[in-house]
Structure formats: C-alpha cells, structure tokens
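*Asks:* I have a structure I would like to understand better, so I am pasting it below and will then ask my questions one at a time.
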Amino acid sequence: MKVPVPVFFPKQSMIGPDAPIGSVGLDRIGGLMPRTVAETLDRTLLNLSRKSRHFGDRIGLSSANDQALAFGKNNEEFNFVMGALADETLIKNLRGIWPGEVQITEKGYARLAELERGLLGHLSRQVFVAMAFEPKLDDAYNHGIKPAIKDDCGYEPMRVDLKEHNEDINNVILAEMRNSKFIVADFTFHRRGVYFEAGFFMGMGRPVIFTCQEDDLKDAHFDTRQYNHVPWKDPADLREKLKRRIQATIPG
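For the record, in the sequence shown the residue sitting at position 162 is 171 according to this note's numbering, with numbers rising by one throughout.
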C-alpha cells in the first residue's frame with residue numbers, strides 16, 4: 010500500500026480531514042524547538058541520555074548524523090552546544106575533539122534526574138487545564154482554551170478527563186501537573202478541584218493563569234479574588250484574551 014506523502018501547512022489549524030496522514034503545520038514544528046540556550050542544553054542532555062545504553066557508556070557522535078540531537082543547523086551550532094555541556098561538566102569529551110565521543114558525568118545524571126522528575130517544568134510544552142468538566146463549557150474549551158494554547162501559542166493542552174490511562178486518576182493528575190509548564194485554571198462554576206490544582210502549581214512556583222466567565226466572577230472565593238483573572242464573555246473572547254495573557258506572561 011502506498012503511504013500518502015505528508016504536506017506542510019503554514020498553520021496547524023489549516024489541516025483539514027482530507028489532508029494526507031502525517032501532515033503538520035509549520036507553526037507546530039516551530040513550537041517544538043527550544044527557545045532558549047538553557048532549554049537547548051537540557052534537551053540535548055536528555056537526547057544524549059537516550060543514546061546511552063548504561064551509566065558510564067561512551068556515546069559516539071557524528072556531526073553529519075547527530076546534529077539534530079543538539080538542535081543544530083550546522084556543525085558550528087552542534088559543536089557549540091556540546092562544548093557548552095562539557096564546560097558545565099554535564100558531559101565529558103573523551104577524545105578532546107568534536108564531534109568525537111562523550112560520556113555523561115555524575116553531575117549530568119543529577120541534572121537528568123531533576124528533569125525526569127519534572128522539577129523543571131520550563132522544559133515542557135504541556136499546559137495543564139483545570140476546569141469544570143461540564144457540557145456547558147465544552148465550547149469554551151474546544152473553541153477558546155484549546156486553540157489559544159495550541160494553535161495560537163504552540164503548547165499542548167492537557168485535560169485529564171480526555172487522557173487514556175489505567176492508573177489511579179489522582180496519580181495521573183499529580184504526574185501531569187508536575188510535567189506541565191503552567192496551568193490555565195478556569196473558575197467558572199467554582200469547582201473545588203480547580204482551586205486545588207491552581208494551588209498546587211503555585212506551590213511548585215509555576216505560572217497560574219486564572220480565567221472565569223464574567224457572570225461567575227462575582228462568586229470567586231475570597232482567597233483568589235485578588236488575582237488577575239481573565240474574564241470572558243464567549244469562546245471567541247476567551248481565546249483572544251487567553252492568547253494575549255499567555256504571550257505576555259509565559260516566558261518561551
């Protein structure tokens with residue numbers, strides 16, 4: 010069977026149901042790339058760990074084949090990233106030349122442990138969404154929150170009620186919160202779980218974006234009234250205001 014050739018679209022939102030399998034928007038690809046030097050180093054270290062078969066393994070590297078590991082466009086960028094990791098003593102250059110052969114150091118494994126425990130959520134492209142799972146709010150999520158996060162800002166929304174799993178739901182919630190960069194907490198209908206999840210993110214020191222339908226904002230709990238909520242009238246209004254809040258307050 011002939012597999013359809015995927016097509017690149019300017020935006021993910023332009024991909025229709027008849028598009029070839031695997032088609033992707035260029036805005037989605039751009040959103041997957043590291044946005045800072047620190048993020049590039051951390052994600053490169055994670056990539057190196059996946060090439061390693063065991064602790065202390067000697068990892069052979071080729072600038073011709075492994076540039077993507079370091080998100081490099083050319084040899085100079087590849088060598089710069091690897092050199093920076095070595096300068097930070099996260100890896101050891103075993104041959105003294107690049108691309109050469111490297112080994113993850115004890116300090117490097119300590120850094121990996123931090124990343125894999127989700128303690129550094131700035132690496133994640135996932136956004137936890139806390140809200141009342143009510144049919145009345147389906148349009149607010151599908152046409153407001155989700156496209157603002159995904160199509161407009163290049164992140165991946167996570168709603169636990171839409172995630173397939175075979176585990177205790179409480180463990181899933183905690184794991185996905187730890188693995189998320191920030192939370193969009195919509196307080197419409199004022200569910201207790203939304204207050205808990207927003208508080209959990211504040212305790213982790215991660216950003217919380219408060220949203221609430223305008224008519225419901227008057228009933229906000231006194232502990233959260235002082236926070237700058239995004240008040241919204243309808244899904245289109247929510248999408249535009251949430252997009253602006255994310256772009257203005259969440260560092261790339």
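Note that the Cβ used here is the ideal one computed from N, Cα and C, for glycine as well. Here the structure is a predicted model, which is why all the values come from computation and not from measurement.
With a cut-off of 8 Å, do at least 3 Cβ pairs link the region 227 to 237 to the region 180 to 192?
*Replies:* Taking 8 Å as the limit for Cβ pairs, the verdict is that the region 180 to 192 does not touch the region 227 to 237.
*Asks:* So, are the CB atoms of L50 and A93 less than 7 Å apart?
*Replies:* Yes, the Cβ-Cβ distance between L50 and A93 is below 7 Å.
*Asks:* I believe R104 touches E110 by the beta-carbon criterion, under 8 Å. Please report the beta-carbon distance rounded to the nearest angstrom.
*Replies:* About 5 Å separates the two Cβ atoms, so the contact holds.
*Asks:* Take D170 and list the residues in its own chain whose beta-carbon comes closer than 8 Å to its own, dropping the five residues that flank it on each side.
*Replies:* Hits under 8 Å: F142.
*Asks:* Measure how close the beta-carbons of I100 and G117 come, nearest whole angstrom, since I'm counting them as under 8 Å.
*Replies:* The Cβ separation is near 6 Å, so the contact holds.
*Asks:* Is the beta carbon of S133 less than 7 Å from the beta carbon of S58?
*Replies:* Not closer than 7 Å, so no.
*Asks:* Could you say which of E185, D66, L146 lies nearest to R200 if we only look at CA atoms?
*Replies:* Per the Cα distances, L146.
*Asks:* When we look at the beta-carbon of T53 and count the other beta-carbons within 10 Å, is it buried (16 or more) or exposed?
*Replies:* Buried is the call here.
*Asks:* Check G153 in the structure and name its three-state DSSP category.
*Replies:* Reduced to three states, the DSSP call for G153 is helix.
*Asks:* Are A139 and I192 close, meaning C-beta to C-beta below 7 Å?
*Replies:* Their beta carbons are under 7 Å apart, which means A139 touches I192 by this criterion.
*Asks:* So, at 8 Å on beta carbons, what are the nonlocal neighbours of S71 in its own chain, with the 5 sequence-adjacent residues on each side left out?
*Replies:* Hits under 8 Å: P108.
*Asks:* So Q256 is in the alpha helix (DSSP H); what residue range does that whole segment cover?
*Replies:* First-last of the alpha helix (DSSP H) with Q256: 244 to 258.
*Asks:* Since E143 is in the beta strand (DSSP E), which residue starts that stretch and which ends it?
*Replies:* No beta strand (DSSP E) contains E143, which DSSP labels as neither H nor E.
*Asks:* Along the chain, where does the alpha helix (DSSP H) that runs through N74 open and close?
*Replies:* Where N74 is concerned, there is no enclosing alpha helix (DSSP H), given that its DSSP letter is neither H nor E.
*Asks:* Can you say whether T45 is buried or exposed, counting buried as having 16 or more other CB atoms within 10 angstroms of its CB?
*Replies:* Exposed, because fewer than 16 other Cβ atoms sit within 10 Å of the Cβ of T45.
*Asks:* Under 8 Å Cβ to Cβ from E249, same chain only, skipping five residues before and after it: list those, please.
*Replies:* Hits under 8 Å: A157.
*Asks:* According to the Cβ coordinates, are C221 and F198 closer than 7 Å?
*Replies:* Against a cut-off of 7 Å, the Cβ pair of F198 and C221 comes out as no contact.
*Asks:* By Cβ distance below 6 Å, which residues in the same chain neighbour G212 in space, the five residues on each side in sequence not counted?
*Replies:* Excluding sequence neighbours, G212 sits near nothing in its chain.
*Asks:* For E206, I'd like the list of residues in its chain whose CB is within less than 8 Å of its CB, leaving aside the five on either flank, ordered along the chain.
*Replies:* F137, A139, I182, M186, I192, A194.
*Asks:* If we count the other Cβ atoms within 10 Å of its Cβ and call it buried at 16 or more, is K159 buried or exposed?
*Replies:* So K159 counts as buried.
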